[in-house]
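Notes to accompany the following structure.
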Amino acid sequence: MPVEEGADRAARLGALLVSRNALIRREAAEALGHFPLTNPQIPSLIRQYLQNCAWETRVDAAEALRFMLKSTPTVTKEVIPCTHLLASLDLFVLVRDYYPLLSCETELVSRMGSSSFGEERRKFMDEQRRFVDEQLSLQPKAGVSCEPFLTQQDFISYSDSENNAEKKLNLETSTLSLNEEEMYDELDVALHRLCTQLLSDLADSKWEIRHGAALAFAAILSTVPSRLSAELINLTTTRFFQTLALDNFIDFASGRSAVGPVREGVADCIAKLIVAYPSEQFVEAVAKHVFALYAMNDASWNESGFARNAEASKHLWFQRQAALLVLKYHFAGPCYHVKFQQFYALITRSFEDSHDEVSSAALSAVTALFCKENLKQDVAQLLSHIELVIYRFIETACSAARQQQLMDVDTVIVDLLTLLLTWMQSSETRLPPYSVLISLSRLLNPMLVTRCLKIVSVFSMCFSRQLSVEESGGTFEECSMRVLSSLFRVVLFAAPHDTDHLIEACISCAYCVSAQISLLNRLPCALVETFGRWSACLLLDAKCAQIDVVKHNVGEDADCDRLELMCGDEIRALSDMERIDALITRKVHIARFLAPLLSVIHSFPSMIGDQSLSDATELLITPMLGSPAIMHRLGGALLTHSWFSYNWVVDKRESNPPIFLVALLQRMVQSPAVAYDDEKFFFHYMDSAYKEFVTYCRRKGVRANEIEDIENSGGSVDVYARKVFDACLARIKKDDDRVALNSHYENFNNVVATAKAVMTLNMLRVNALLVSALIAAYPQVISESNTLNPFVKPFMELLRCEENLTVTRHVLNSLPILFRMTSLKKPSPHAKMLKQIVTNLTSCGNHFPQDFEL
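For the sequence shown, numbering that gives the first Met the number 0 begins at 0 and goes up steadily by one.
The following block contains the structure:
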């Protein structure tokens with residue numbers, strides 16, 4: 000292929016590296032891997048995409064380079080790196096004298112520190128004020144500048160601090176000289192030239208360029224380390240430590256787990272150096288600088304005589320974190336045993352570091368070890384003591400001093416929980432003590448989804464294993480109750496959006512806890528006493544779903560005395576219909592959470608006074624199902640259906656089945672439809688709309704005593720509104736006012752229509768839930784019945800109206816049982832059932848448009 004044609008094809012493939020499609024990027028990287036690095040256009044093309052602003056593009060550009068290097072001839076030679084330049088590097092002086100590497104352009108860095116010592120103070124302050132105005136897009140000529148909030152004294156203080164400190168320097172980025180005569184072949188020359196350019200990129204002021212260079216070096220060191228000369232390795236390692244010591248960039252925007260992407264990438268490269276060049280002298284030189292990075296703290300900074308450089312000392316945690324990142328990648332590699340004792344000592348000291356990010360990096364490093372298999376005996380022995388460290392961290396996180404911090408995202412806790420999960424997964428016998436689980440239950444916060452998922456995973460793993468229990472059973476009972484209470488709070492108060500996976504995890508964990516209670520035969524008395532209060536959360540009205548945390552026993556502590564909204568404060572921002580939909584979905588989840596707990600309480604052989612727990616549970620639900628209030632009956636139907644569905648799924652055959660409740664369901668299903676007392680429901684739903692309409696009418700002349708007489712005459716809210724409308728219309732003379740009044744009244748009528756639609760839909764939900772619950776609890780009722788209409792009609796009516804997929808899936812989960820039982824009837828009614836289903840679907844506008852023409 001001609002060079003020009005190959006260059007054009009490579010350019011077209013390179014353009015695909017910026018695609019949003021991961022598969023396209025991957026295939027483009029593999030195709031680029033077939034081009035030789037000796038092609039003059041290829042190194043510059045790869046470097047161009049290594050500097051791209053998109054993370055995925057940089058990663059795939061590095062993969063393209065890796066594919067290229069893999070296809071090169073293998074060179075088997077031992078390289079002993081030089082260390083003279085590396086040995087002369089003083090990281091303390093480097094951090095003191097050089098600008099940190101952040102994420103802005105070189106020009107901005109220079110301008111921020113451009114206080115020349117010979118300039119007059121006034122000139123310096125004017126320059127700095129102009130710079131601030133420019134960065135904030137202010138216009139001093141129009142009278143809008145930073146002067147109101149940045150005084151002259153602010154700039155004077157900064158100028159004085161600059162005068163008292165050494166002038167900062169930019170990291171050297173000049174091209175390294177190469178002796179091409181020492182290269183083996185043309186590929187070595189091309190590779191060394193590329194490395195020279197990448198060394199400059201590692202000192203660039205833009206973090207994306209530094210990150211891309213680190214990814215490229217990782218590809219080189221993992222594929223062709225023997226092609227690098229001893230001198231280049233010396234220079235490269237030195238530049239790695241320079242970048243690692245000066246990089247202070249934190250990436251919170253990309254959503255990546257690596258918030259220090261440059262430090263992570265360079266640390267990976269340094270760990271690969273130890274694997275590629277294991278000579279003792281080189282490893283010692285690398286380890287010396289790792290220790291030097293970790294040693295940077297306030298005390299060592301002052302001991303070195305750098306106390307006047309106070310600004311640099313504020314951020315020394317970056318250097319300590321960088322050292323631990325090197326250890327993380329080193330422990331994850333095949334040579335983790337190299338200098339293990341010394342490196343592990345750094346890890347253990349880091350657990351007590353004053354900065355959370357340093358402790359978090361230490362936990363990540365230990366996690367890398369736990370993920371490895373077949374550890375050496377001495378390493379495994381040291382790691383066996385990490386359990387106590389984990390527990391101590393959890394207790395510290397739960398201390399009063401940290402409670403305020405726990406309201407924010409605490410990365411240490413997330414990393415700690417990851418380590419705890421990894422430690423538990425490595426052995427089925429590893430279980431944290433009950434005190435640790437109780438402490439973790441205090442850390443559950445519905446607003447922190449990531450942390451909650453980690454904690455719930457720990458709970459699920461613990462309660463799915465064989466737990467021990469002492470004679471009294473008190474500790475297990477306290478632990479299980481604390482865990483269930485904290486999980487129930489999450490299910491109640493988690494946000495309505497993007498939390499389904501968290502709620503499902505809590506429900507699965509409730510299954511594990513209830514199974515463990517049955518296995519150990521230890522039912523917490525507090526659960527029996529509290530269950531009725533928890534189930535009352537299902538009875539709340541959709542218009543005002545406020546939960547009294549004390550009455551419902553869902554407070555975080557005993558002194559908690561406040562109201563909280565189901566689904567959290569985010570529910571306030573939703574429209575009426577969105578809020579109703581979110582709340583019915585959450586009630587389904589609440590019922591599913593309570594179902595295994597209700598099942599274990601009902602089957603537990605215990606008494607409350609002269610009454611068995613089985614009778615007590617049935618008597619708890621019976622008033623809900625018999626209530627004339629629609630929301631009460633809906634809550635009872637949800638709880639009953641979830642309970643019987645749970646028993647069916649786990650194939651639970653109770654020795655004392657809820658016969659009374661099943662008989663009640665059978666009577667309700669086969670009886671005519673009941674009338675509901677919906678006045679309260681309508682009042683709550685339309686109260687604000689009615690008050691708004693009445694307020695408007697009063698502004699238009701209707702007197703307060705007239706409205707009072709209308710409301711005292713009796714009737715429903717919509718009747719009151721009609722009478723107020725007539726009274727107001729009689730006083731209005733202008734046509735525009737009549738139009739406005741009609742518009743307000745029409746809006747109120749829309750609210751009335753919505754309320755009636757919600758009322759009707761809830762009635763259909765109750766009917767379908769009762770049928771589904773009866774089928775799950777007593778399938779033989781279908782065979783015993785002369786007609787299938789009472790069992791099929793509620794489902795079909797619900798399908799015509801229901802748009803909530805969660806409710807639909809939940810209600811219709813008994814359909815397989817229905818079809819299974821009807822198959823036993825002679826003759827089989829399936830043909831008729833299918834015909835009815837098709838007829839209903841084709842007549843439904845949601846599934847089959849009415850204007851469809853065949």
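Ideal Cβ positions, reconstructed from N, Cα and C, are used throughout, including at glycine. Model, not experiment: these values are computed from the prediction.
Inset, instruction - Decide if serine 426 is buried, meaning its Cβ has at least 16 other Cβ atoms within 10 Å, or exposed. - result: Residue numbering aside, residue 426 sits at position 427 when the sequence shown is read from its first letter. Its Cβ having fewer than 16 others within 10 Å, serine 426 is exposed.
Inset, instruction - Report the option in Glu351, Ser363, Arg25 and Ser715 whose CA atom is closest to the CA atom of arginine 328. - result: Counting from 1 along the sequence shown, the entry for residue 328 is found at position 329. In the sequence as presented, arginine is not what sits at residue 328; that position holds tyrosine. It is Ser363.
Inset, instruction - Report the residue from Asn247, Leu593 and Thr237 whose alpha carbon sits nearest the alpha carbon of lysine 287. - result: As a working note, residue 287 is residue 288 in the sequence shown. Per the Cα distances, Thr237.
Legend entry - Alpha-carbon to alpha-carbon, valine 468 and cysteine 508: The residue given as residue 508 occupies position 509 in the sequence shown. The residue given as residue 468 occupies position 469 in the sequence shown. Looking at the two C-alpha atoms, the distance is approximately 19 Å.
Legend entry - In chain order, each alpha helix (DSSP H) run of at least 4 residues that lies wholly inside the segment 612 to 644: 612 to 625
Legend entry - Rounded straight-line distance, which links the Cα of glutamate 503 to that of isoleucine 269: Counting from one through the sequence shown, the residue named residue 269 turns up at place 270. Counting from one through the sequence shown, the residue named residue 503 turns up at place 504. Approximately 42 Å, taken between the alpha carbons.
Legend entry - According to DSSP, residues forming a beta bridge with leucine 562: The residue you call residue 562 lines up with position 563 of the sequence shown. According to DSSP, leucine 562 bridges with Asp547.
Inset, instruction - Might you give, ordered along the chain, the residues of its own chain that have their beta carbon closer than 7 Å to the beta carbon of leucine 15, omitting 5 neighbours on each side? - result: If you number the sequence shown from 1, residue 15 lands on position 16. The residues are Ile23, Arg24 and Ala27.
Legend entry - Length of the line joining the Cα atoms of cysteine 451 and proline 80: Here residue 451 refers to the residue found at position 452 when the sequence shown is read from its first residue. Here residue 80 refers to the residue found at position 81 when the sequence shown is read from its first residue. Taking the straight line joining both Cα atoms gives about 48 Å.
Inset, instruction - Please say whether alanine 754 and phenylalanine 794 have beta carbons closer to each other than 8 Å? - result: In the sequence shown, counting from the first residue as 1, residue 794 sits at position 795. In the sequence shown, counting from the first residue as 1, residue 754 sits at position 755. Contact: no.
Legend entry - Alpha carbon of alanine 344 to alpha carbon of valine 489, nearest angstrom: For the purposes of this step, residue 344 is taken as the residue at position 345 of the sequence shown. For the purposes of this step, residue 489 is taken as the residue at position 490 of the sequence shown. Spanning the two alpha carbons is a distance of roughly 39 Å.
Inset, instruction - Flag this pair as touching only if the segment 596 to 610 and the segment 515 to 528 have three or more C-beta atom pairs under 8 Å; answer yes or no. - result: yes
Inset, instruction - Would you mind reading off the limits of the alpha helix (DSSP H) that contains methionine 795? - result: Counting from 1 along the sequence shown, the entry for residue 795 is found at position 796. Element bounds for methionine 795: 788 to 800.
Legend entry - Continuous alpha helix (DSSP H) stretch holding valine 337: start and end: Within the sequence shown, the letter at position 338 stands for residue 337. Segment: none, valine 337 is in no alpha helix (DSSP H) and carries neither H nor E.
Inset, instruction - Tell me, please, whether the segment 734 to 750 touches the segment 772 to 789 by the rule of three or more beta-carbon pairs shorter than 8 Å. - result: no
Inset, instruction - Below 6 Å CB to CB, which residues in the same chain sit around threonine 105 once its five sequence neighbours on both sides are set aside? - result: Numbered from its first residue, the sequence shown carries residue 105 at position 106. Low local confidence applies: a pLDDT of 46 at threonine 105 is under 50, so the model's placement there is unreliable, and no value is given.
Legend entry - Per-residue DSSP class, three states only, for glutamine 318: Indexing the sequence shown from 1 puts residue 318 at position 319. In this structure, glutamine 318 counts as helix in the three-state DSSP scheme.
Legend entry - glycine 13, DSSP secondary structure in three states: Taking the first residue of the sequence shown as 1, we reach residue 13 at position 14. Helix at glycine 13.
Inset, instruction - Could you check what DSSP says for valine 900 in three-state terms: helix, strand or coil? - result: Coverage of the chain is limited to positions 0 through 853, which leaves residue 900 absent and any answer about it impossible.
Inset, instruction - Helix, strand or coil for methionine 295, going by three-state DSSP, please let me know. - result: Position 296 of the sequence shown, counted from the start, is the residue given in the question as residue 295. Three-state DSSP puts methionine 295 in coil, outside helix and strand.
Legend entry - Rounded separation between leucine 12 and leucine 638 - CA only: Indexing the sequence shown from 1 puts residue 12 at position 13. Indexing the sequence shown from 1 puts residue 638 at position 639. So the alpha carbons of these two residues sit roughly 58 Å apart.
Inset, instruction - Indicate the three-state DSSP secondary structure (helix, strand or coil) for asparagine 162 in the structure shown. - result: Start at 1 with the first residue of the sequence shown, and residue 162 comes out as number 163. Its pLDDT being 42, under 50, asparagine 162 is placed unreliably by the model, and nothing is read from it.
Inset, instruction - Pull up the DSSP beta-bridge partners for methionine 606, would you. - result: The residue labelled residue 606 in the question sits at position 607 within the sequence shown. DSSP, once it has assigned bridges, lists Ser611 as partnering methionine 606.
Inset, instruction - Excluding the 5 residues preceding and the 5 following isoleucine 454 in the sequence, name in chain order all residues of the same chain whose CB lies nearer than 7 Å to its CB. - result: Position 455 of the sequence shown, counted from the first residue, corresponds to residue 454. The answer, listed in chain order, is Leu416, Leu439, Leu442 and Leu443.
Legend entry - Check whether serine 856 and histidine 640 have beta carbons under 8 Å apart: This structure cannot speak to residue 856, because the chain is shown only from 0 to 853.
Legend entry - Exposure label - isoleucine 658; buried when at least 16 CB within 10 Å: Here residue 658 is taken as the residue at index 659 of the sequence shown, counted from 1. Its Cβ having fewer than 16 others within 10 Å, isoleucine 658 is exposed.
Inset, instruction - Grab me the residues of serine 113's own chain with a C-beta within less than 6 Å of its C-beta, minus the 5 sequence neighbours each way, in chain order. - result: Along the sequence shown, one-based indexing puts residue 113 at 114. With a pLDDT of 44 at serine 113, under the threshold of 50, the modelled position of this residue cannot be trusted, and the question is left open.
Legend entry - Where the alpha helix (DSSP H) containing glycine 264 begins and where it ends: Walking along the sequence shown from the start, residue 264 turns up at place 265. Residues 260 to 275.
Inset, instruction - Below 7 Å CB to CB, which residues in the same chain sit around tryptophan 316 once its five sequence neighbours on both sides are set aside? - result: The sequence position of residue 316 within the sequence shown is 317, counting from 1. Excluding residues within five positions, the ones whose Cβ falls inside 7 Å are His354, Glu356 and Val357.
Inset, instruction - Tell me whether glutamine 779 sits in a helix, a strand or coil according to DSSP, three-state version. - result: Looking up residue 779 in the sequence shown gives position 780. Three-state result, glutamine 779: helix.
Inset, instruction - Alpha carbon to alpha carbon, how far is tyrosine 675 from alanine 628? Give it in angstroms, no decimals. - result: Residue mapping note: residue 628 aligns to position 629 of the sequence shown, counting from 1. Residue mapping note: residue 675 aligns to position 676 of the sequence shown, counting from 1. Alanine 628 and tyrosine 675: Cα-Cα distance of roughly 6 Å.
Legend entry - Rounded Cβ spacing between alanine 636 and valine 806 (contact assumed at less than 8 Å): Here residue 636 refers to the residue found at position 637 when the sequence shown is read from its first residue. Here residue 806 refers to the residue found at position 807 when the sequence shown is read from its first residue. Their Cβ separation, rounded to whole angstroms, is 11 Å, which puts alanine 636 and valine 806 out of contact at 8 Å.
Inset, instruction - Assign valine 143 to one of three DSSP states: helix, strand, or coil. - result: On the sequence shown, residue 143 is found 144 positions in, with the first residue counted as 1. In this structure, valine 143 counts as strand in the three-state DSSP scheme.
Inset, instruction - Would you mind stating whether alanine 30 and isoleucine 45 have Cβ atoms separated by less than 8 Å? - result: Within the sequence shown, the letter at position 31 stands for residue 30. Within the sequence shown, the letter at position 46 stands for residue 45. No.
Legend entry - Beta-bridge pairing of leucine 100 - partner residues as DSSP gives them: For the purposes of this step, residue 100 is taken as the residue at position 101 of the sequence shown. Partner(s): Asp246.
Inset, instruction - Thinking arginine 57 and leucine 201 are a contact (beta carbons under 8 Å), I'd like their distance in whole angstroms, please. - result: Numbered from its first residue, the sequence shown carries residue 57 at position 58. Numbered from its first residue, the sequence shown carries residue 201 at position 202. Rounded, the Cβ-Cβ distance is 14 Å, inconsistent with contact.
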